[in-house]
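Numbering (mature numbering (1 follows the signal peptide of the UniProt record, and there is no 0)), first residue to last: -24 to -1, 1 to 401. The beta-carbon is built from N, C-alpha and C at its ideal position, and this holds for glycine as well. Given the structure is predicted, the values throughout are model-derived calculations rather than measurements.
Encoded structure:
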């Protein structure tokens, strides 16, 4: 149950009624400390009806909800400590899946996660109970302000519900009555002091390098934690193979079926170091930066700016519902009237040199620096592209499965405040 106090003071307090943390004497799971705020789908709202109808038809094992080629929602488990078997779910869209109760949350580009945190600390709520206070970074505060501002009560006074998720489980869904920006407090209804300490520690470990100033590997060498796959063929055929696997400590794109492996979180102002090689015959692959809307092009490619890895074309830019400018645009892209990022447009911007790749089977090193509206790319020490006035400044990072098997042994992200003059070592 959501208290009336929680609704009245949502501008400064987001009520977290329970936390999915391990007992104090047990270590937290490797993927613990994930915090998300997402709007909850409601059966009584007309604008949610289409996505709920599709979601209710999915088999129990399928969580992602796609409507007209666009990922719109996902099923998440309800936290047992607050949503027991006899709970009144009220306005939540729910289902039973393999013995677990799940609720439907909406996927929105404005969603906010622990990656948007600037800081987090233990505190006390108005009643003196253990709580968690947090502050969002500038980008997170802007996005949270728009997310909450866009979902305020309608003309009748009916409020939407803001879902609070910890480690992928919905633990609260208070009514959203006030716009929230940079600061908020999570009040621990049933959390002990030890659980609050543990949760703060776990979430702090997930604050991104843009806040901590340190390099971080996007791939842990063991599993796909921190990533999710979008493979259209698996929508209607869950038995189709997963084209992204971990093998011998490497992230491997098997090439087929086509799709993308996408970071769970968004990033901006960074250097991405990628070490890759084609495992068999050379072919096609790419790294996508500033990714946002899934399946924006051809029902497959997310809105993004692709940095090409295709054999003998490494470093080309491909514009996918985004755009960027480079010197000598006409020579490298074709007639101006055809420029664009959509189907039929001249989306390819040729790199500065095709002679930078190593022989087949050897490791290539690609460095991509994104700062503001600029993107700069080196392949094996050679500058191969430098664009400006990009229409996106941040987003998710993705790697492709696009026909050929590719092995990745390094995906290292480092925050930057200026672009490098020469190829970073």
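- DSSP assignment within the segment 214 to 289 yields the following whole beta strand (DSSP E) runs of 3 residues or more, N-terminal first: 220 to 223, 226 to 229, 235 to 239, 246 to 254, 262 to 267 and 280 to 284.
- Look at residue 388 here: in three-state DSSP terms it is strand.
- Put simply, the backbone Cα of residue 75 is about 29 Å away from that of residue 172.
- Of the candidates 272, 234 and 339, the residue whose Cα lies closest to the Cα of residue 380 is 234.
- For the pair of segments examined, the segment 217 to 228 was found not to touch the segment 302 to 316: the number of CB pairs separated by less than 8 Å stays below three.
- Residue 190 and residue 181 have their C-alpha atoms some 12 Å from each other.
- Nearest in C-alpha terms to residue 281, of all of 364, 256 and 202, is 364.
- Taking C-beta separations shorter than 7 Å and ignoring five residues to either side along the sequence, the partners of residue 109 in its chain run 97, 99 and 161, following chain order.
- Contact between the segment 346 to 363 and the segment 231 to 248 is present: 3 or more CB-CB pairs across the two stretches fall below 8 Å.
- By the neighbour-count definition (other C-beta atoms within 10 Å, threshold 16), residue 361 is a buried residue.
- Distance check between residue 197 and each of 398, 128, 383 and 400 places 383 closest, using alpha-carbon atoms only.
- Straight through space, the alpha carbons of residue 293 and residue 375 are spaced by roughly 14 Å.
- The DSSP-derived three-state label of residue 74 is coil.
- Looking at 10, 284 and 208, the one whose alpha-carbon comes closest to that of residue 330 is 284.
- Secondary structure note for residue 340: its beta strand (DSSP E) is the uninterrupted segment 340 to 347.
- Annotated three-state conformation of residue 358 is strand, per DSSP.
- In this structure, residue 146 lies near residue 79, with their beta-carbon atoms less than 7 Å apart.
- DSSP lists 229 and 254 as the bridge partner or partners of residue 382.
- Non-local C-beta neighbours of residue 317 in its own chain, meaning closer than 7 Å and more than five positions away in sequence, comprise 295, 296, 297, 298, 299 and 323, ordered along the chain.
- CA-CA distance, residue 42 to residue 326, rounds to 33 Å.
- Residue 128 is classed as exposed because its beta carbon has fewer than 16 other beta carbons within 10 Å across all chains shown.
- It is roughly 18 Å from the alpha-carbon of residue 40 to the alpha-carbon of residue 23.
- For residue 352 against residue 395, the beta-carbon gap comes to about 5 Å, under 8 Å, which counts as contact.
- Residue 140: not part of any alpha helix (DSSP H); member of the beta strand (DSSP E) spanning 136 to 142, first to last residue.
- In the structure shown, residue 114 falls within a helical segment according to DSSP collapsed to helix, strand and coil.
- Rounded to whole angstroms, residue 116 and residue 126 show a C-alpha spacing of 15 Å.
- Under the Cβ criterion (8 Å, minimum of three pairs), the segment 136 to 150 counts as touching the segment 48 to 57.
- With 16 or more other CB atoms across the displayed protein chains lying within 10 angstroms of its CB, residue 252 is buried.
- For residue 49, same chain residues with a beta-carbon under 7 Å away, outside a window of 5 residues either side, are 17, 27, 31, 41, 80, 81, 82 and 83 in chain order.
- In the three-state reduction of the DSSP assignment, residue 197 falls in the coil class.
- Here DSSP, grouped into helix, strand and coil, assigns residue 27 to helix.
- For the pair residue 286 and residue 263, the Cα-to-Cα distance works out to about 10 Å.
- Per DSSP, residue 174 has no beta bridge partner at all.
- The alpha carbon of residue 150 has as its nearest neighbour, out of 242, 13, 203 and 73, the alpha carbon of 13.
- DSSP, reduced to helix, strand and coil, places residue 394 outside both helices and strands of the structure shown, so it counts as coil.
- Excluding residues up to 5 positions away in sequence, 363, 364 and 365 lie with their Cβ nearer than 7 Å to the Cβ of residue 301 in the same chain.
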